[in-house]
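As structure tokens, the structure follows; a few thoughts come after it.
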Amino acid sequence: MDHQDTNGVHPTAPLKCELKTWHTREDGKGNKVRTPVQGTDALRPDNDSSSHALVLERGFDKKSQLLWTTLTVNSPHILKALRDAVGRYPTVPSDFTESFTMSSPFQMLYHHWEDLHAYKTTLEDGEDDARMHLNLLFGFMESEMGDSKRAIEKQFASGYCDYDNLWLIFKPGALAITHFKSHPWLMRVTKTAYEENARDGKWLEVHTVYTGHDGKNPGETKHIIKVKQKESFAQGHPERILNLPVYPRKYHTEGEALEERLRSRGERFISLSGRNSIQNYDGAAEYLKEAPPDFYDPNEASTWQVWRSYAEKGRIVLDLSSFHEENRGMTISAPQDESTTDTAMCPPYVFGFSCGRKDWGRFLVSIVREASWKPDPFSSLEVPSNQKMLVQALVSSHDFPGNDRDRNEQKGKGLVFLLHGPPGAGKTLTAECAAELSHRALFSCSMSELNKYNSAWYFEHRLAQVLRLATAWKAVVLLDEADVFLEARRDDSAADGERNALVAVFLRHLEYFSGIVFLTTNRIHVFDDAMKSRIHLAIGFNAPGTAARRAIWSRNIQQLPKDQVDPNVEEALDRLAAEELNGREIANTLTTANTFARFSKEPLGIQHIETVMVVRRDFENILKKGNPA
């Protein structure tokens, strides 16, 4: 037998092309005792197994129940075959340049059975020793795993799989498919692991990588998918492979056209991810649920994110750099050059910020559309023209500092508006028009949202987040219900102390914000001097008069499809304008009446609007009786 070096592997003694087997049991004193079972020197109970090509060891308990099985590979010929046919295997900590040990169920041998067989067929006539050693390995594999392998493969061929053998369909390095909102997502398997706990029971973790993006570069990103036994394998029955939350690409029914389609989608993902932009969205999405600041559940300790489904309709901001900064842990592990990026493995969604929900979300690439802007947004605002001109001039002329990371450069560079007046008078619409005019995102937040946990720490955290993102996006900020910031500070009670602390926090952050802020309030009493000095323009709003109400009615009606509106509505504009409603009440009345008309399968008519207005009047009368002047 040839005992020369074999590609860097140096056997230290003549190697027998044999499999030596040991059984290990505990004696009465708890000591482990190894006993040779077979081999040419089975009668000599020494512990030297390095002279055998393969060494099999089985461990038993006191009742002779099998606990574990290991296989040690010493053969340089088998090691070379593993280097050439396998290369690396995630659960085997070896580069196959020296002897190593692996444990049952020998995943590597299962997954690379055909690869090793193909390697053996390439051996030349003079490589008899290598062929003998590989035949020894295949003899072990056949006796240890052959029958079960054939039975399992027969089940796989039928398109089904049971839980215990699930790991077998996920070969490391092979492609797999999962779905997000019914959209296919291609990724590469790296390894699998069975896990369990008392709450979720048993599951298989399928570890994968895909092509992600951190806002600067695309790159390999890790992702784990759980296949839970109690969800996918009811009562222990086999499950159809295509029904699993993740399955090998080879089982998908679509051919090469799938990769072409995913590659095209991935190119758009890369394009959207590499730049900050404002987009329109109308469809299914997911938002990142925020846990209360005092919440902790040890069962959720390993799950730092909770995504919830919802329907998004409105503006979103795509900014992956900010997303990854705020959600640390979601990073790419290996940046790649765009020219070598596999775009077919990009996810079907892109991370963005919902301007409506004010939460981070995942949005389908196929639905994201470039934002469209109204050509003359202020034409929809029924306020005096001089107010419009002032707002337009200041917003259009505002300069944002070039370095949004330098706080000193931000100091005192902001533009602060105060909009005060009754509800429905146009305050919120003014901020919306300013954002439309400047083609910027509108970041709207109320005081109750900023301080929803009644915590000074959370308030500052949330306010800092709003202003930080608005700075990065050069967004227009609308802070509604700003009364608490505007009134003069007092020290009459503990509640005053808490409010004073919030005002101090607000003033400090506002001082270093260089963007555009609109503060709104329904009432003004005594103004805080420090707050007053920071306001550049205060605009008062009045409830709309008859002419303004008529214009608001007309504009809202004109936004509806003409074939869905009865002509008698336009003819009744004067009558509608006589009702003392504010702008928001007019919009709500028309929306409700239009829904009523659709339910009745009729065009929107004056009778639908009047029905809603009668109900509104009844409600107003009840309120007046309950709160007499």
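Residue numbering for the sequence shown follows the UniProt record's numbering, beginning at 1 and increasing consecutively. Note that CB positions come from ideal geometry on N, CA and C, so glycine has one too. Quantities reported herein were computed from a predicted structural model and do not represent experimental measurements.
**Collapsed DSSP secondary structure at residue 516 in the structure displayed** = strand
**Request:** Quick one: give me the first and last residue of the alpha helix (DSSP H) that residue 170 is part of.
**Result:** Counting along the chain, residue 170 falls outside any alpha helix (DSSP H), and DSSP gives it neither H nor E.
**Message:** Here's the rule I'm using: 16 or more other beta-carbon atoms within 10 Å means buried, otherwise exposed. How should residue 593 be labelled?
**Reply:** buried
**Asked** Exposed or buried, what is residue 553 when buried is set at 16 or more other beta-carbons lying within 10 Å of its beta-carbon?
**Response** Buried, by the Cβ-count rule.
**Message:** Please identify the residue among 418, 92, 170 whose C-alpha is closest to the C-alpha of residue 224.
**Reply:** For residue 224, the nearest C-alpha among the options comes from 170.
**Message:** Would residue 416 and residue 484 qualify as a contact pair, given that the criterion is a beta-carbon distance under 8 Å?
**Reply:** no
**Prompt:** Residues bridged to residue 22 by DSSP?
**Reply:** 36, 57
**Asked** For residue 252, which of 136, 176, 279, 314 has the nearest alpha-carbon?
**Response** Looking only at 136, 176, 279, 314, the smallest Cα-Cα distance to residue 252 is reached by 176.
**Item:** Cutoff 6 Å; reference residue 194; Cβ partners in own chain excluding five residues on either side
**Value:** 204
**Item:** Span separating the alpha-carbon of residue 182 from that of residue 215
**Value:** Going by the C-alpha atoms only, they are around 25 Å apart.
**Prompt:** Starting from residue 80 and walking both ways along the alpha helix (DSSP H), at which residues does that stretch end?
**Reply:** 76–85
**Asked** CB-CB under 6 Å to residue 131, same chain, minus the five flanking residues each way: which ones, in chain order?
**Response** 123
**Prompt:** At what residues does the beta strand (DSSP E) containing residue 279 begin and finish?
**Reply:** 277–288
**Message:** Please classify residue 348 as buried or exposed, where buried requires at least 16 neighbouring CB atoms within 10 angstroms.
**Reply:** A buried status is given to residue 348, since no fewer than 16 other beta-carbon atoms sit within 10 Å of its beta-carbon.
**Prompt:** In the structure shown, what three-state DSSP assignment does residue 216 receive?
**Reply:** Residue state for residue 216 is assigned as coil, using DSSP reduced to three classes.
**Asked** Start and end of the alpha helix (DSSP H) containing residue 524?
**Response** Counting along the chain, residue 524 falls outside any alpha helix (DSSP H), and DSSP gives it neither H nor E.
**Prompt:** Taking buried to mean at least 16 other C-beta atoms within 10 Å of its own C-beta, is residue 624 buried or exposed?
**Reply:** exposed
**Message:** Between which two residues does the alpha helix (DSSP H) holding residue 473 run?
**Reply:** 456–473
**Request:** Could you check the C-alpha separation between residue 434 and residue 393 for me, to the nearest Å?
**Result:** 10 Å
**Request:** Check residue 388 in the structure and name its three-state DSSP category.
**Result:** helix
**Asked** Cβ atoms of residue 545 and residue 568: under 8 Å apart, would you say?
**Response** no
**Message:** Check for me: the beta strand (DSSP E) holding residue 445 runs from which residue to which?
**Reply:** 442–446
**Asked** In terms of residues, what are the limits of the alpha helix (DSSP H) holding residue 377?
**Response** No alpha helix (DSSP H) holds residue 377; DSSP gives it neither H nor E.
**Asked** So does the segment 65–81 actually touch the segment 147–166, counting three or more Cβ pairs closer than 8 Å?
**Response** no
**Request:** Tell me whether the beta-carbon of residue 612 lies closer than 8 Å to the beta-carbon of residue 596.
**Result:** yes
**Request:** Tell me whether residue 367 sits in a helix, a strand or coil according to DSSP, three-state version.
**Result:** coil
**Message:** Could you check whether the segment 266–284 touches the segment 304–323, counting it as contact only if at least three pairs of C-beta atoms, one from each stretch, sit closer than 8 Å?
**Reply:** yes
**Message:** Tell me whether the segment 239–259 and the segment 355–374 touch, counting them as touching only if at least three CB pairs, one residue from each stretch, are closer than 8 Å.
**Reply:** They do not touch, by the three-pair rule.
**Message:** Only counting the same chain, and skipping five residues up and downstream in sequence, which positions put a Cβ closer than 7 Å to that of residue 398?
**Reply:** 415, 516
**As assigned by DSSP and simplified to three states, the class of residue 316** = strand
**Request:** Kindly indicate the opening and closing residues of the alpha helix (DSSP H) around residue 484.
**Result:** 483–486
**Request:** Pick helix, strand or coil for residue 425, following the three-state DSSP scheme.
**Result:** coil
**Request:** Please name the residue in 497, 425, 560 whose C-alpha comes closest to that of residue 522.
**Result:** 425
**Message:** Please return the same chain residues whose Cβ sits closer than 6 Å to the Cβ of residue 538, not counting the five positions on each side in sequence.
**Reply:** Only 418 meet the Cβ criterion.
**Request:** Would you mind listing the beta strand (DSSP E) stretches within the segment 132–194 that are 3+ residues and don't spill past its ends, in chain order?
**Result:** 175–180
**Prompt:** How would you label residue 187, buried or exposed, when you count the other beta carbons within 10 angstroms and need 16 or more for buried?
**Reply:** Only buried fits residue 187, as 16 or more other CB atoms lie within 10 angstroms of its CB.
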